[in-house]
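Mapping of the sequence shown onto numbering that gives the first Met the number 0: position 341 corresponds to residue 340, and the numbering continues sequentially without gaps.
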Amino acid sequence: MSIPLIATTTFGLEAVVKRECQALGFENIRTYDGKVEFTGTEADIVKANLWLRCAGRVWVKMGSFHAVTFTELFDQTKALPWGDWIPEDGKFTVVGKSVKSTLFSVSDCQAIVKKAVVEKLKQKYQTDWFDETGASYTIQVGILKDLVTLAIDTSGSGLHMRGYRANALDAPLKETLASAMIQLSYWRKDRILLDPFCGSGTIPIEAAMIARNIAPGIHRTFASEEWERIGKALWKQARKEAYQAIDYDAMPQIYGSDIDPAAIALAKENAEKAGVDDCITFETKPCQEIILPGKYGVLITNPPYGERIGELKEVENMYRALGRIMQTDTTWSTYLITSMEYFENLFGRKADKKRKLFNGRIKTDYYQFEGPRPPRKNDAE
């Protein structure tokens with residue numbers, strides 16, 4: 000029996016996550032604002048958590064219905080098959096959100112859903128008392144314009160928590176967004192990649208993991224690993240296959256630099272944890288001093304935005320300097336995310352494409368300056 004699933008996304012990345020779902024072979028894929036829905040099996044829950052690079056979390060969709068009263072919310076929640084997922088000893092919490100809905104009190108909605116699920120489980124297991132000593136389940140009640148969606152979180156920590164970045168700097172780029180920036184670019188593993196504002200190394204590390212086909216979730220655990228319905232054998236098999244799929248022979252040319260020596264030390268440490276330190280060259284260097292290492296490379300970066308007082312002039316000068324550097328070799332492509340609305344004026348060129356994305360809560364544009372495709376080997380010979 001196919002299971003309805005939801006992969007949540009940052010706004011603007013729905014199409015990227017949809018492509019990932021298609022590549023993983025999932026079925027009945029549909030996109031909505033902030034999420035991609037699809038169907039799969041228990042094994043696909045495991046696969047989605049291990050392999051989706053740009054999604055936020057993976058949820059089992061329990062049901063969707065309209066409700067404008069607490070009675071409707073209770074009755075329709077109770078009608079859903081909670082016992083198919085939550086065992087008698089399972090412990091569960093309810094989280095919630097409500098946007099433009101009659102039922103606007105999130106805490107009241109959480110309490111109603113909790114009560115309805117408990118009543119359903121009492122019926123299922125013929126008991127009035129639950130030990131709650133087993134696996135954990137997080138239920139989300141999401142209400143948008145009176146449409147209620149109930150789902151169980153299979154991921155636990157967000158999927159951006161890869162496990163290789165124990166420490167981060169003040170303004171880290173989420174791993175999921177870094178991976179999406181790479182996938183939205185021209186970069187492929189046979190091309191040079193450069194990040195001159197690499198911070199703790201997220202973009203270079205994500206690129207190296209893509210080049211080596213390293214599953215993004217291979218180094219972490221997930222909430223549903225403890226679930227009876229999925230079972231540990233599926234996780235063990237999927238992890239074994241993920242390790243076998245790693246291409247250790249891939250040696251991409253990836254460069255990361257930053258003006259902060261502490262950031263570079265951290266980037267090196269993170270790359271080692273991710274198993275890609277041998278294919279990334281990190282160095283401490285201000286962006287004004289970078290030299291493009293070769294032809295037909297791709298620069299992908301998340302520079303400072305000038306959001307802090309006193310930083311603006313410095314950031315403007317950085318953007319101008321970067322524009323001048325990129326003009327020294329027109330074979331290069333540049334991909335850069337920033338909240339500065341007049342970035343193109345400073346960079347000295349209008350972007351070929353612009354995409355609205357959110358970096359955390361900051362509204363940004365992803366500027367894409369596309370250079371020529373590299374010549375095919377046959378053409379060059």
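Just so it is clear, CB atoms sit at the ideal spot from N, CA and C, and this is done for glycine as well.
Check: List the endpoints of the continuous beta strand (DSSP E) containing Asp74.; Outcome: No beta strand (DSSP E) holds Asp74; the alpha helix (DSSP H) holding it covers 69-77.
Check: With a threshold of 8 Å on Cβ separation, who are the neighbours of Thr38 within its own chain once the five nearest residues in sequence on each side are excluded?; Outcome: Ser1, Ile2, Pro3, Leu4, Phe25, Glu26, Asn27
Check: Would the region 66-77 count as touching the region 33-49 if we require 3 or more Cβ pairs under 8 Å?; Outcome: no
Check: Can you say whether Arg323 is buried or exposed, counting buried as having 16 or more other CB atoms within 10 angstroms of its CB?; Outcome: exposed
Check: Would you kindly check if the distance between the Cβ of Ala210 and the Cβ of Ala249 is under 8 Å?; Outcome: yes
Check: What residues are listed by DSSP as bridge partners for Gly95?; Outcome: Val140
Check: Looking only at DSSP bridge pairs, what is Asn27 linked to?; Outcome: Its beta-bridge partners do not exist; DSSP assigns none.
Check: Quick check for students: name the residue ranges of the alpha helix (DSSP H) that lie wholly in the region 276-340, counting only runs of 4 or more.; Outcome: 311-326
Check: Three-state secondary structure (DSSP) at Gln125?; Outcome: coil
Check: For the beta strand (DSSP E) that contains Asn358, what are its first and last residues?; Outcome: 352-358
Check: Measuring only the C-alpha atoms, how far is Val94 from Val140?; Outcome: 6 Å
Check: Pairing CB atoms from the region 194-206 with CB atoms from the region 236-248, are three or more of them under 8 Å?; Outcome: no
Check: Under a Cβ-count criterion, where at least 16 other Cβ atoms within 10 Å of its own Cβ denotes burial, should Glu310 be classed as buried or exposed?; Outcome: exposed
Check: Tell me, which residues are paired with Gln109 by DSSP?; Outcome: Looking at the DSSP assignment, Gln109 forms no beta bridge with any residue, so it has no partner.
Check: Helix, strand or coil, according to DSSP, for Ile361 in the structure here?; Outcome: strand
Check: Measuring alpha carbon to alpha carbon, tell me which of Val275, Pro260, Ile191, Pro86 ends up nearest Gly296.; Outcome: Ile191
Check: Once DSSP output is grouped into helix, strand and coil, what is the label at Arg215?; Outcome: Residue identity check: residue 215 is Pro in the sequence provided, not Arg. Pro215: coil per DSSP, three-state reduction.
Check: From Ala134 to Lys376, what does the alpha carbon distance come to, in whole angstroms?; Outcome: 54 Å
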